[in-house]
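Taken in sequence, the protein lines are chains A and P.
Letter by letter, the first sequence follows residues 1 to 107 in the working numbering.
Letter by letter, the second sequence follows residues 1001 to 1116 in the working numbering.
Heads up, the beta-carbon is just placed ideally off N, CA and C, and yes, glycines get one too.
Every value quoted in this text rests on a predicted model; they were computed, and no experiment measured them.
A quick write-up on the structure given underneath.
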Amino acid sequence: EDQVTQSPEALRLQEGESSSLNCSYTVSGLRGLFWYRQDPGKGPEFLFTLYSAGEEKEKERLKATLTKKESFLHITAPKPEDSATYLCAGTYGKLTFGQGTILTVHP
Amino acid sequence: DTAVSQTPKYLVTQMGNDKSIKCEQNLGHDTMYWYKQDSKKFLKIMFSYNNKELIINETVPNRFSPKSPDKAHLNLHINSLELGDSAVYFCASSTPLDNSGANVLTFGAGSRLTVL
C-alpha cells in the first residue's frame, strides 16, 4: 500500500528559529510529491510540487527539497504567521496524504 | 469570488438521519473530489468525478452517494448516518487527471459533520 509518513507530528519553534519538516514516501510508482498548508477551519492550500530527486522549490521562507526516499520542507527564520499544519502528499495516480505536521511559531 | 465553495460549513445531526453536502467550483476544472479528514487529520480520498463521470471510488460504504449534475458541481449524500461518519468533508477540484496524476488540487473550506 502506498504510504506517506510525516515527522514530527508537532513542532514548536521560536520566531526566527529555522527547522525542517520531514516526509518519507513509498518510492515505487511515485509521480509527484506535493506540499500543502492547512490553517485551522480551512482547506489545504497548495505550496509546491516536486517531481524528481534533487529538485528544489522556494516560496518566501519555505523551501521544499526531494531525495529518492523523502522530502523536506525547510523553514528559514519562521514568523508566527507560518503557524499551520503542513501536509505532504504523494501521487500514485491519486493523492495519498501524510498525517501532517502541526507547526507553531511563538513570537 | 470563492473558487471552491461548500455548504453547509457545519452540520449537526442524529444517527440514522440522511444529509447532503453541496459543492460548487468556478475554476472551470473538469475534475472534482470528495475527501474525508478524520480526527487525526488524515485526508483520505472518497470519490473523484471527471466531467460528471465517476473515475475514483474508494472503499466507502454504500450509504455515501456522490452526484455530479454538471462539471461545476459535486454533491455528497449520506444515508443512515453513523457516529463514525463524524469528520470534516472537503470538496476539491483540479485540472483533468492525466497519466502523471500530478494535478494541483484546490480545496474548499470543508464541511464539519457531527453525528450525535
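D1070(P) has H1073(P) as its beta-bridge partners, per DSSP. Taking E1058(P) as the centre and dropping the five residues before and after it, the same chain places the C-beta of I1045, M1046 closer than 6 Å to its C-beta, in chain order.
CA-CA distance, K1040(P) to Q99(A), rounds to 7 Å. Less than 8 Å separates the beta-carbon of S1093(P) from that of Q1025(P).
For G1028(P), the closest Cβ of chain A is not nearer than 8 Å. Between L1113(P) and S1080(P), the CB-CB gap reaches or exceeds 8 Å. If you draw a 10 Å sphere on the C-beta of L1027(P), you find fewer than 16 other C-beta atoms in it, and that means exposed. The straight-line gap separating the alpha-carbon atoms of L1011(P) and S1020(P) is approximately 9 Å. For secondary structure counted as the alpha helix (DSSP H) over 4 or more consecutive residues, the segment 17-83 of chain A holds no complete run. Between I1055(P) and the set H1077(P), N1075(P), M1032(P), the nearest pair of CA atoms involves M1032(P).
Your pair L21(A) and F72(A) checks out as a contact, with CB atoms roughly 7 Å apart and the cut at 8 Å. In terms of beta-carbon proximity, V1104(P) lines the interface with chain A, with at least one pair separated by less than 8 Å. Any Cβ of chain P closer than 8 Å to the Cβ of T67(A) would place that residue at the interface, and such an atom is absent. If you ignore the 5 residues before and after F1064(P), its C-beta comes within less than 6 Å of the C-beta of I1078, all in its own chain and listed in chain order. Following the DSSP letters along the chain, one finds T1114(P) inside the beta strand (DSSP E) bounded by residues 1111-1115.
Look at A1072(P): its C-beta is not under 8 Å from any C-beta on chain A.
Inclusion of H106(A) and Q14(A) in the CB contact set at 8 Å is warranted, their separation being smaller than that value. For a Cβ distance threshold of 7 Å, nothing in chain P lies close to K57(A): the least Cβ distance comes to about 13 Å. Within its own chain, the residues whose Cβ lies closer than 7 Å to the Cβ of V1115(P), once the five positions on either side in sequence are excluded, are T1013, M1015, L1081, E1082, L1083, D1085, S1086, listed in chain order. Counting of Cβ neighbours within 10 angstroms places Q3(A) among the exposed residues, the total staying below 16.
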